[in-house]
Amino acid sequence: MKDAAPETIYLKDYTPFGWQVSDVHLTFRLAPKSTRVISKIHFAPNPEAPAQEFFLHGEDLKLIRATIDGVEVTPEVTPEGLRCAVPDGPFLWEAEVEIAPEDNTALEGLYMSSGMYCTQCEAEGFRKITYYPDRPDVMSVFSVRIEGDLPVLLSNGNSVDRGEGWAEWHDPWPKPAYLFALVAGDLVNFPDRFTTRSGKEVKLNIWVRPGDEGKCAFGMEALKTSMKWDEDAYGREYDLDVFNIVAVDDFNMGAMENKGLNIFNSSCVLASPETSTDGNFERIEAIIAHEYFHNWTGNRITCRDWFQLCLKEGLTVFRDQQFTADVRSAPVARIENVAQLRARQFPEDQGPLSHPVRPESFQEINNFYTATVYEKGAEVIGMLKTLVGDEAYATALNLYFDRHDGDAATIEDWLKVFEDATGRDLTQFKRWYSQAGTPRVEVTEDWADGTYALTFKQHTPPTPGQEVKEPQVIPMAVGLLNPNGDEVVPTRVLEITEAEQTFTFDGLASRPVPSINRGFSAPVVLDRASSREERAFLLAHDTDPFNRWEASRLLARESLIAMICEDAGPDEAWLDGLERLLRDRDLDPAYRAMMMGTPTESELAQVLFERGHTPDPDAIHAAKEVLAQVKAERWADLLPGLAAEGTVDAPFAPDAEQSGKRALGAAVLALTSRLDGGKAARAQFASADNMTLQLSALAQIIRVGEDAEALAAFEDQWRHDRLVMDKWFGLQVGATAPENVVPRAEALTRHADFDWKNPNRFRAVMGALAMNHAGFHRKDGSGYRLLTDWLIKLDDLNPQTTARMTSAFQTWKRYDAERQALMRAELERLQAKPKLSRDTGEMVARILG
Ligand code: 0A1
Ligand code: ZN
């Protein structure tokens with residue numbers, strides 16, 4: 002177990018490691034309870050580092066022997082590693098350690114999942130495999146020999162040789178230890194090949210447990226598309242003879258970009274029409290692309306230290322978002338990304354867990370794989386590209402790859418490349434990396450004598466440890482529309498650099514209607530008092546598809562807020578405008594489906610809180626129910642036609658076109674089932690031949706209430722499929738009425754298949770509980786209590802997943818005094834748990850503030 006008084010690590014304290022590592026040779030003798038790891042490592046003094054004692058990281062290792070240049074040594078071993086006296090010059094370190102992969106429930110280091118051995122080393126898991134300078138700026142060439150009585154033995158790089166019970170691998174590209182990987186098991190492969198643009202043949206494999214071969218084809222296509230895209234869009238080719246992907250059932254995150262051997266949570270790679278929804282397919286495609294793109298942005302160029310995590314993650318998310326926009330619908334992808342950012346990153350940035358895109362301190366780095374580092378990190382790169390333009394962005398990226406290939410780089414290196422490529426001073430822009438919090442931009446306007454003026458006032462509220470913020474560079478894309486709906490000023494990017502700044506537009510014949518922050522050009526909150534009429538006008542006329550959607554979102558939000566606070570009825574003008582849009586067959590069904598969405602209950606709670614109201618989760622839920630019922634009744638005549646448009650009459654394909662139609666169909670079904678008591682949903686459930694249709698029907702059956710039969714049928718059909726059963730567990734909690742959420746979640750924890758040690762299954766139930774706003778925030782505190790009971794239980798086994806899930810409490814200060822007291826009490830109960838992990842301890846302390 003981890004330290005009781007954990008140390009805080011600071012960016013400002015960075016010091017290079019005192020030695021360089023030229024090559025690493027590892028031999029693994031695999032055994033579930035007693036794997037031997039034999040290491041041979043060449044160290045040489047690092048001329049650029051200050052003098053320091055020789056310290057190697059190591060945790061939960063049994064040291065069998067250690068030698069330096071063949072002579073036995075007795076290092077001083079601590080729970081964090083070992084210290085040893087070493088020669089002045091280069092030397093060969095050899096060690097043998099024993100570890101127990103079968104007992105490793107934290108899923109960090111070498112562990113076992115369904116009988117196979119696998120590894121997860123990012124961020125600091127390699128130190129649970131052997132003694133090593135486990136830091137990303139120590140890069141070396143690895144050779145690996147695996148001995149074990151298993152048919153498939155894999156590691157990074159190229160295969161050197163293999164025989165019965167052994168295999169040898171060599172990775173020619175120097176890499177940090179966090180990119181090391183090993184997999185051994187009874188696996189089957191789904192093979193393919195790819196020829197790079199310079200004519201190099203690459204073998205591709207997706208390795209899975211026997212029985213899952215039929216779920217690999219889609220992932221393989223996504224991989225090949227990604228490889229081609231990175232060549233076309235960024236000029237980046239693959240650089241080994243083989244690219245292996247392995248699907249693993251027990252995994253804390255989505256996937257991992259280990260060099261030449263990506264390891265995936267099986268939920269993020271395995272797909273088939275019968276078992277996966279359109280949403281699953283889209284996510285799998287994006288994650289495969291993401292991990293593949295890391296080969297250049299992350300592996301060839303890595304991070305100097307973990308504070309620079311956004312260097313690889315922000316950039317790689319930005320790249321995978323570009324990829325999705327290219328291979329699917331760009332406007333729909335943008336709307337989805339922004340909706341995700343607002344749902345996940347904004348609450349983080351506006352609450353006690355707020356931290357800069359590049360944090361300056363941490364206790365446990367695993368707690369910083371956040372929406373801020375990833376998604377806001379990607380937005381920051383998007384802004385940079387908007388500011389310098391597409392051509393300069395491409396020049397800067399080429400310079401980045403040329404200059405830093407093989408480096409462990411920093412955000413300073415990254416920005417310098419843009420400065421050198423464009424001659425621009427990015428000092429102020431850098432604040433996006435150092436200042437936490439979502440900037441708020443207040444917009445006012447003026448109109449006189451043909452001149453229209455927009456004034457922007459920016460302000461970022463204080464965040465933990467940062468009371469005062471300086472103005473940031475905000476690229477604000479703006480277009481102006483004439484009252485007749487024509488665009489009079491096409492999109493122009495205004496560069497806001499001051500706390501308050503005015504931009505004017507001359508020579509206009511009439512007062513225009515502004516469309517501001519088009520395409521969500523900056524991740525800010527706009528505070529602008531605009532009328533309902535103006536929003537309805539933008540909903541009808543804006544040429545920017547993002548802002549057209551935004552207009553609808555704001556109308557929906559304000560209508561719901563008025564329903565909650567003023568007992569108003571739904572906004573008729575908005576519903577009329579929306580109806581016109583839904584009838585417009587020229588609009589992509591996917592886009593119309595998104596238009597039918599309404600703000601989440603959690604987002605409404607945040608807005609109410611910001612406006613000085615105490616959000617009542619039941620009232621918010623009730624308002625959304627009323628709105629949906631009104632829509633259903635009002636559009637009763639429209640729905641059958643839309644349902645027909647949302648029907649696919651072709652063999653299933655998980656592409657943008659079909660999935661858009663099915664999304665429209667699902668949005669329609671959600672309304673229809675309020676009119677027919679779930680009849681159409683039951684029919685769809687009975688006839689569905691793909692998971693998208695089956696699950697959207699089941700969701701409505703659960704919502705309507707009489708679901709026992711359908712749930713039993715579904716369980717009967719899918720009991721053998723772990724990934725589908727995760728959906729079954731999750732949906733029952735996620736789609737049910739608030740009063741049933743906690744009892745259902747509680748009952749499911751007693752289900753024989755509630756394998757809570759599996760992160761996917763744990764998240765299916767507990768994640769769904771935390772995400773069901775009105776259910777989780779039951780007045781009696783039962784939601785808080787149930788989640789905490791299980792976090793306490795999981796913390797002993799899997800600190801990383803436990804810590805991540807504590808963020809369910811990050812918004813606790815929004816609510817009424819009673820709920821706050823209940824949540825605080827649960828957080829304190831968790832905090833008081835004996836042997837609380839460093840991961841969870843840090844999160845709880847930050848949330849409590
Ligand atoms: N680098 C991976 C994410 C990842 C991070 C940590 C992990 O274990 C602690 C696992 C995966 C990515 O961005 O995909
Ligand atoms: Zn990543």
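Note that my numbering has the sequence shown beginning at 2, numbered continuously upward. Built from N, CA and C at the ideal position, the CB exists for glycine as well. Since we're looking at a predicted model, the values are computed, not measured.
Problem set entry | Same chain only: Cβ atoms within 7 Å of Trp719, ignoring 5 sequence neighbours per side | Val725, Met726, Trp729
Exercise. If you run the structure through DSSP and keep just helix, strand and coil, what is Leu108?
Worked result: coil
For this session: Figure out for me which residue from Ala736, Ala594, Asp638 has the closest Cα to the Cα of Ala334.
Result: Ala594
Exercise. With a cut-off of 8 Å, do at least 3 Cβ pairs link the segment 178 to 189 to the segment 608 to 618?
Worked result: no
Exercise. When the Cα atoms are used, what is the spatial distance from Asp867 to Pro484?
Worked result: Nothing about residue 867 can be reported from this structure: the residues present for the chain run from 2 to 850 only.
For this session: Would you kindly report the start and end of the unbroken alpha helix (DSSP H) that includes Gly315?
Result: 310 to 328
Exercise. Name the DSSP beta bridge partners of Phe181, please?
Worked result: Phe181 is not bridged to any residue.
Exercise. For the candidate residues Pro137, Pro152, Asn159, whose alpha-carbon lies nearest to that of Ser144?
Worked result: Asn159
Problem set entry | Rounded straight-line distance, which links the Cα of Val189 to that of Val209 | 6 Å
Problem set entry | Short Cβ contact (9 Å threshold) for Val871 with Ile69 | Any property of residue 871 remains undetermined from this structure, which presents the chain solely from 2 to 850.
Exercise. Once you ignore the five residues that flank Asp4 on each side, which residues in its own chain have a CB closer than 7 Å to its CB?
Worked result: Any reading at Asp4 must be qualified, since the residue scores a pLDDT of 46, below 50, and its modelled position is unreliable; no value is offered.
Exercise. Would the beta-carbon of Val318 be found less than 8 Å away from any heavy atom of ligand 2?
Worked result: yes
Problem set entry | Those runs of the beta strand (DSSP E) which lie wholly inside the segment 424 to 454 and span at least 3 residues | 441 to 449
Problem set entry | Contact test: Gln323 Cβ vs ligand 1 heavy atom, cutoff 8 Å | no
Problem set entry | Lys13 versus Phe363: straight-line alpha-carbon distance, rounded | 12 Å
Problem set entry | Inter-stretch contact at 8 Å, needing at least 3 Cβ pairs: the segment 384 to 391 / the segment 284 to 301 | no
Exercise. How big is the Cα-Cα spacing for Ala629 and His622?
Worked result: 11 Å
Exercise. CA-CA distance, Glu559 and Phe547?
Worked result: 18 Å
For this session: Verify whether the separation of the beta carbon atoms of Phe810 and Leu787 is less than 9 Å.
Result: no
Problem set entry | Within the segment 654 to 679, ranges of the alpha helix (DSSP H) (whole runs, at least 4 residues) | 657 to 673
Exercise. How should Met2 be labelled, buried or exposed, when 16 other C-beta atoms within 10 angstroms of its C-beta is the threshold for buried?
Worked result: Interpretation of Met2 is limited by its pLDDT of 44, a score under 50 that renders its predicted location unreliable; the figure taken from the coordinates is listed afterwards. Its Cβ having fewer than 16 others within 10 Å, Met2 is exposed.
For this session: Apply the 10 Å Cβ neighbour rule to Gln21 and answer buried if 16 or more other Cβ atoms are within range, or exposed otherwise.
Result: buried
For this session: Provide the residue(s) that pair with Ile207 in DSSP beta bridges, ordered along the chain.
Result: Phe191, Ile246
For this session: For Ser697, count neighbouring C-beta atoms within 10 Å of its own C-beta (all shown protein chains included) and say buried if the count is 16 or more, exposed if not.
Result: buried
Exercise. Does DSSP put His31 in a helix, in a strand, or in coil?
Worked result: The question names His, but residue 31 in the sequence shown is Leu. Correct three-state label for Leu31: coil.
For this session: Grab the span of the alpha helix (DSSP H) containing Asp279 for me, first residue to last.
Result: 279 to 294
Exercise. Taking the C-alpha atoms as reference points, what is the distance between Asp507 and Val490?
Worked result: 10 Å
For this session: Thinking Phe219 and Asn206 are a contact (beta carbons under 8 Å), I'd like their distance in whole angstroms, please.
Result: Not confirmed; about 15 Å, so no contact.
Problem set entry | Coil, strand or helix - Phe419 by DSSP | helix
Exercise. Helix, strand or coil: which one does DSSP assign to Met2?
Worked result: Reliability fails at Met2, whose pLDDT of 44 lies under 50, so the model's placement of it is uncertain and the value that follows must be treated cautiously. Coil, per DSSP.
For this session: For Thr601, name the three-state secondary structure that DSSP assigns.
Result: coil
For this session: Kindly identify the DSSP beta-bridge partner or partners of Thr196.
Result: Glu202
Exercise. Is Gly126 near ligand 2, in the sense that its beta carbon is under 8 Å from a heavy atom of that ligand?
Worked result: no
For this session: Indicate the three-state DSSP secondary structure (helix, strand or coil) for Glu488 in the structure shown.
Result: strand
Exercise. Would you say the beta carbon of Glu292 comes nearer than 8 Å to a heavy atom of ligand 1?
Worked result: yes
Exercise. Between Glu286 and ligand 2, is the CB less than 8 Å from at least one heavy atom?
Worked result: no
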